[in-house]
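Engineer:
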Amino acid sequence: MADREYLEGISIDRFDEIIPRRQKVINAAPDTEPKYEFNANVLARSLHPKVQHVKVCDIKEFNGARVYTFEPDTSKGTTKLAYFRAGHYISLNLKIGNSVLTRPYSLCSSPKAALEGKYQIVVKSMKDGFASEYINKEFKIGTALDISEPAGFFEYEPLRDASTVIGLAGGSGIAPFMSFASAIADGTEDFNLILLYGSRTEEEILFKDELDSLEKAAGGKLKVVHVLSDEEKPGYEHGFINAELITKYVPETYSVFVCGSQGMYDYAEGECAKLGLRKKFVRLDAYGQYRLSARDEAFTSEYKDKTFELTVIMNDGIEHKIPARADEPILVALERAGIEAPSKCRSGECGFCRSKLASGEVYTPERVERRRQYDKVAGYIHPCCTFPKSDCKILVNYEEPKIERKVKDMKKKERTMGLIMAILISLAMGILVAYLIPKISPQAAESQPVAIRYISNILMSVTVGVIVAFVVPLGKIGRNLAAKAGANPPSFKFTLINSIPLSVGNTLIVSLVCSLVGVLMGRSHAPAEALAHMPPFPVMWLGSWAKLLLPTLIVSYILAVVLSPIVSQAIGMADAGAEVGRAASGKDD
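Per the numbering used here, residue 197 is the first one in the sequence shown, and the count goes up by one each step.
#1: Quick one: grab the DSSP three-state call for Ser451.
#2: Compare the beta carbon distance of Tyr450 and Thr360 with 8 Å and say whether it is the shorter of the two.
#3: Quick check on this structure: which residue in Pro579, Ile693 and Ile390 has the alpha carbon closest to the alpha carbon of Glu536?
#4: Using DSSP bridges, identify the partner residues of Thr265.
#5: Any contact of the stretch 375 to 392 with the stretch 417 to 431, i.e. 3+ C-beta pairs under 8 Å?
#6: What do you reckon, are the CB atoms on Leu506 and Leu441 nearer than 8 Å?
#7: Provide the residue(s) that pair with Cys549 in DSSP beta bridges, ordered along the chain.
#8: Using the Cβ count rule (16 or more neighbours within 10 Å means buried), how would you classify Asp853?
#9: Going by CA-CA distance only, name the one from Asp571, Ser305, Pro307 and Val318 that's closest to Arg299.
#10: Buried or exposed: where does Arg396 fall if 16 or more other Cβ atoms within 10 Å of its Cβ makes it buried?
#11: Using DSSP with H/G/I as helix, E/B as strand and the rest coil, what is Leu355?
#12: Take Leu488 and list the residues in its own chain whose beta-carbon comes closer than 8 Å to its own, dropping the five residues that flank it on each side.
#13: Pick helix, strand or coil for Pro734, following the three-state DSSP scheme.
#14: Measuring CB to CB, does Ser328 end up less than 8 Å from Ser378?
#15: On the premise that Asp269 lies in contact with Val247, defined as a C-beta separation below 8 Å, what is that separation, rounded to the nearest angstrom?
#16: From the DSSP output, in three-state form, read off Pro430 for me.
#17: Taking the alpha-carbon positions, what's the Val646 to Val667 distance?
#18: Helix, strand or coil: how does DSSP classify Tyr330 here?
#19: When DSSP builds the beta bridges, which residues end up paired with Thr507?
#20: In terms of residue numbering, what span does the alpha helix (DSSP H) encompassing Pro346 cover?
#21: Report the CB separation of Glu531 from Leu297 in whole angstroms; it is logged as a contact under 8 Å.
#22: So who's on the other strand from Ile286, going by DSSP bridges?
#23: What residues match up with Gln219 in a beta bridge as DSSP calls it?
#24: I need the boundaries of the beta strand (DSSP E) containing Ala365, first residue and last residue.
#25: Between Ile518 and Ile693, what straight-line distance do the alpha-carbon atoms span, to the nearest angstrom?
#26: How about the stretch 611 to 623 and the stretch 659 to 673: do they share at least three Cβ pairs that are nearer than 8 Å?
#27: DSSP on Ser463, reduced to helix/strand/coil?
#28: Under the DSSP definition of a beta bridge, which residues are partnered with Arg172?
#29: Please confirm whether Gly363 and Gly394 have their CB atoms less than 8 Å apart.
#30: Does DSSP put Gly472 in a helix, a strand or coil?
#31: Going by other Cβ atoms of all chains shown within 10 Å of its Cβ, with 16 needed for buried, is Asn171 buried or exposed?
#32: Measuring straight from C-alpha to C-alpha, what distance separates Val603 and Leu677?
#33: How about the stretch 543 to 559 and the stretch 584 to 595: do they share at least three Cβ pairs that are nearer than 8 Å?
#34: Can you tell me whether Gly804 is buried or exposed, with buried defined as 16 or more other CB within 10 angstroms of its CB?
#35: Within 10 angstroms of its Cβ, does Tyr315 collect 16 or more other Cβ (buried), or is it exposed?
#36: Whole angstroms are fine: how far does the CA of Val706 sit from the CA of Ala756?
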């Protein structure tokens with residue numbers, strides 16, 4: 197009752213004003229459609245800018261290394277830096293002489309510093325270090341450059357990693373652990389870090405004072421253990437970071453994070469294997485360009501000192517022909533030629549450099565083989581960790597026009613090639629069988645003139661071969677086998693594999709039919725007395741087939757290897773690459 201009295205006492209004058217007031221606002225508003233951007237898009241653009249324009253604002257000298265601090269270059273439109281996770285890296289875009297290249301460097305500052313507009317990296321001059329020598333010689337306060345967004349997978353993930361991380365760092369591999377340590381100290385990250393930092397001598401330790409300060413500020417969550425390999429001193433471990441040393445400091449459950457040189461990774465992986473850790477508890481940072489080593493001896497022993505021609509088509513459609521050394525990744529050949537190819541991690545991890553191998557053969561070390569299964573089948577490569585084994589053609593951010601590569605057209609060409617090859621191989625087999633019949637079945641040979649024997653066997657072989665070509669997709673089978681083996685036309689490896697079903701399929705069936713007819717004719721013309729002493733029909737048939745099989749297989753395979761590239765070129769299937777196999781199987785419909 198009280199509520200009702202209250203409502204009756206409320207004036208409705210203000211309600212009457214609502215509609216006129218709204219109409220007044222609408223009339224005063226512009227008639228253009230309001231612009232709105234989803235917050236998710238704003239956040240994505242903030243975290244993943246296409247490029248960040250920065251300049252050097254501070255340089256600190258360390259033992260054989262320099263720490264560079266970058267800030268936004270507002271004159272070029274960058275007003276803030278993208279946020280990142282501790283352990284991420286940025287890729288620097290550099291132009292050194294005529295070469296255009298990128299180099300990834302781990303951020304060594306805390307993610308909080310990015311909110312203040314600061315990034316830090318450490319660059320140590322390396323022997324024969326093309327980029328590091330240039331950076332440490334040419335970078336000054338105010339030097340402007342372009343960098344990528346922060347990227348990488350070397351980060352702490354509580355759903356995957358243990359609450360305690362054993363960090364194994366070597367030399368300038370301390371950089372991401374400096375970021376981890378800073379993030380732990382300022383509360384950005386929450387896990388325990390026991391850092392085993394390997395250096396040759398005490399003098400070569402980077403960030404020693406900074407690590408001491410961070411250890412005090414981390415509230416017991418950070419412990420730093422310095423390991424010296426070339427000298428023994430009180431307060432330091434001596435030797436190498438091995439399984440025994442790791443075991444000395446680890447709790448019951450832990451993860452291992454490793455960052456250092458390629459040689460250190462090879463050694464650390466072996467030591468971690470001794471610890472019996474599950475694979476998810478061992479994390480390796482992307483260490484930059486892969487260098488061929490003893491594990492690649494099968495490749496280097498055959499291709500050492502070889503140089504091939506690399507044909508490159510960029511997204512502008514322009515074709516470049518450049519030299520590519522077998523002992524260097526394809527990406528290095530592109531950069532040396534001044535071609536601006538996309539790249540970030542240079543370790544096969546990020547996939548940013550993904551390109552199409554249109555023709556040729558390449559080698560990808562198992563250590564850096566991180567392509568998706570589809571990319572392996574479809575002929576895509578990561579040029580940053582792929583080495584040429586022949587003249588190659590690659591498409592970088594470019595797909596060749598597919599007008600001539602439609603599925604129906606590819607299937608038609610494949611059927612045409614299969615038919616032509618069947619006729620040629622069957623023709624040769626007919627001649628060979630007619631020649632061998634007197635040696636295998638004299639009774640059958642004596643039953644007809646030589647000319648008739650040759651003509652009848654050729655006609656019979658070609659007829660059966662054509663039927664086989666229409667019924668059994670031998671061309672498709674051959675291309676699928678070649679694709680699984682990673683062979684692309686016009687390589688010799690592709691020809692060898694593709695010729696197997698073309699020759700074997702025809703030979704098995706045609707020789708089976710020819711031997712059947714030969715035995716039937718021999719038995720039909722044999723005297724009753726001779727027939728009584730003959731083996732049973734199935735035994736004679738299979739015996740005759742076995743005698744025909746080996747020579748016809750050899751001849752047909754040689755013919756397939758020799759003729760298939762010629763026929764493929766003649767009907768326009770050369771250089772079709774892995775797309776031909778996909779089109780023939782209907783996967784591009």
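Glycine is no exception: its CB is placed at the ideal position from the N, C-alpha and C atoms.
Structural biologist: Short version:
#1: For Ser451, the three-state secondary structure derived from DSSP is strand.
#2: In this structure, Thr360 lies closer than 8 Å to Tyr450 by Cβ.
#3: For Glu536, the closest of Pro579, Ile693 and Ile390 by C-alpha to C-alpha distance is Pro579.
#4: Within the DSSP secondary-structure output, Thr265 pairs in a beta bridge with Asp254 and Gln316.
#5: They touch, by the three-pair rule.
#6: Taking 8 Å as the Cβ cut-off, Leu506 and Leu441 do not qualify as a contacting pair.
#7: Note: Cys549 sits in no beta bridge, so no partner.
#8: Residue 853 cannot be examined here, being either before or after the span of the chain that is shown, 197 to 785.
#9: The shortest Cα separation from Arg299 among Asp571, Ser305, Pro307 and Val318 belongs to Val318.
#10: Taking all protein chains shown into account, Arg396 has fewer than 16 neighbouring C-beta atoms within 10 Å of its C-beta and is therefore exposed.
#11: Leu355 falls in the coil class under three-state DSSP.
#12: These residues qualify, in order along the chain: Phe495, Thr496, Asp523, Pro561 and Phe583.
#13: In the structure shown, the three-state DSSP call for Pro734 is helix.
#14: Taking the C-beta atoms as reference points, Ser378 is found no nearer than 8 Å to Ser328.
#15: That pair is no contact at about 11 Å.
#16: Three-state result, Pro430: coil.
#17: Roughly 32 Å separates the two Cα atoms.
#18: Three-state result, Tyr330: helix.
#19: Under DSSP, Thr507 shares a beta bridge with Lys517 and Lys589.
#20: Pro346: not part of any alpha helix (DSSP H); DSSP gives it neither H nor E.
#21: At roughly 4 Å, the Cβ-Cβ gap stays under 8 Å, so Glu531 and Leu297 are in contact.
#22: Beta-bridge pairing links Ile286 to Tyr301.
#23: Paired residue(s): none; Gln219 is not in a bridge.
#24: That run of the beta strand (DSSP E) goes Thr360 to Gly366.
#25: For Ile518 and Ile693, the distance between alpha carbons rounds to 29 Å.
#26: Segment contact: the stretch 611 to 623 against the stretch 659 to 673, three or more CB-CB distances shorter than 8 Å; contact assigned.
#27: For clarity, residue 463 is Tyr in the given sequence; the question names Ser instead. Here Tyr463 sits in helix by DSSP.
#28: Because the chain spans 197 through 785 in this model, residue 172 falls outside it and cannot be assessed.
#29: Contact check for Gly363 against Gly394 fails: the beta carbons are separated by 8 Å or more.
#30: Note: Gly472 maps to coil in three-state DSSP.
#31: The requested residue 171 does not occur in the structure, where the chain is confined to residues 197 to 785.
#32: Confidence is the limiting factor: at Val603 the pLDDT is only 47, short of 50, which leaves the residue's position unreliable, though a coordinate-based value still follows. The alpha-carbon atoms of Val603 and Leu677 are separated by roughly 19 Å.
#33: Remark: three or more beta-carbon pairs, one from each stretch, lie closer than 8 Å, so the stretch 543 to 559 and the stretch 584 to 595 are flagged as touching.
#34: Residue 804 lies beyond the stretch modelled for the chain, which goes from 197 to 785, so this question has no answer here.
#35: In the assembly as shown, Tyr315 is a buried residue. Its beta-carbon has 16 or more other beta-carbons within 10 Å.
#36: Spanning the two alpha carbons is a distance of roughly 15 Å.
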